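If you're matching positions, the first sequence starts at 18 in the working numbering and goes up one per residue.
Please read the structure below before turning to the comments.
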Amino acid sequence: MSTEPPNTESFNRQVWDLVMTVPRGRVTTYGEVAKKIGPPEGVDEAEYRAFGPRWVGTAMARCPEAVPWQRVVNSEGRISIRKGGGHLKQRALLEAEGIRFDDSERIDLDLYGWGSPPVLRQRSLFDGSI
DNA sequence: TCCTTGACTCAGA
DNA sequence: CTCTGAGCCAAGG
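The structure is reproduced here in structure tokens:
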């Protein structure tokens, strides 16, 4: 098991359900999603820490239409590039939601991260600072 | 059968 | 900041 968890069906469903709750204009990471879900039965913590994020990525690669897949980025706050050009559409969708990318193609997770403080976001939206 | 390829992350150098 | 290795497996060419 590495690219896929023991019970792929169940794990994927959990990933999709969770991502469904990420609000418009916000992003989360593969690692954060994995952490919130926690290791499936029979998978020890160490292994899950190592592969959970990848399993989430695999799940996202197969998500249903209704899932806001564009709101999941990597731990650096960058869009993971893959073959097929999906990353280009992802960037467009995120910008359309009001998410800004800095000069190095990175999203400020303190600002747009799922769990970031509202205060920070408001101030930034107001004067463009931070 | 062998080799490549995955929507990841973190620690080290 | 960049680049590697480790973690370690299934599917397809």
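Idealized CB from N, CA, C, for every residue including glycine.
Quick caveat, the model's predicted, so the values are computed rather than measured.
Asked                                                                                                                                                             : Found
Rounding to the nearest angstrom, what Cα-Cα distance links Asp119 and Arg30 in this structure?                                                                   : 33 Å
Around the Cβ of Met77, are there at least 16 other Cβ atoms within 10 angstroms (buried) or fewer (exposed)?                                                     : buried
Quick one: what's Val32 bridged to in DSSP?                                                                                                                       : None; Val32 has no bridge partner.
For Arg71, tell me which candidate among Val90, Glu82, Leu111 and Glu58 has the shortest Cα-Cα distance.                                                          : Val90
CA-CA distance, Ala51 and Ala109?                                                                                                                                 : 25 Å
Count the other CB atoms, across all protein chains shown, that sit within 10 Å of the CB of Asp144; report buried if there are 16 or more and exposed otherwise. : With a pLDDT of 48 at Asp144, under the threshold of 50, the modelled position of that residue is not reliable, and the figure given next carries that caveat. Counting Cβ neighbours within 10 Å, Asp144 comes out exposed, since fewer than 16 surround it.
Pick helix, strand or coil for Asp144, following the three-state DSSP scheme.                                                                                     : Residue confidence for Asp144 is low, a pLDDT of 48 falling below 50, so the modelled location carries little weight; the figure read from the coordinates is stated next. Asp144 falls in the helix class under three-state DSSP.
Only counting runs of 4 or more residues, tell me where the alpha helix (DSSP H) segments fall wholly within the segment 33-74, in order along the chain.         : 47-54
In the structure shown, what three-state DSSP assignment does Gly103 receive?                                                                                     : helix
Below 8 Å CB to CB, which residues in the same chain sit around Met37 once its five sequence neighbours on both sides are set aside?                              : Ala83, Val84 and Pro85
In the DSSP output, which residue or residues are listed as bridge partners for Val89?                                                                            : Thr45
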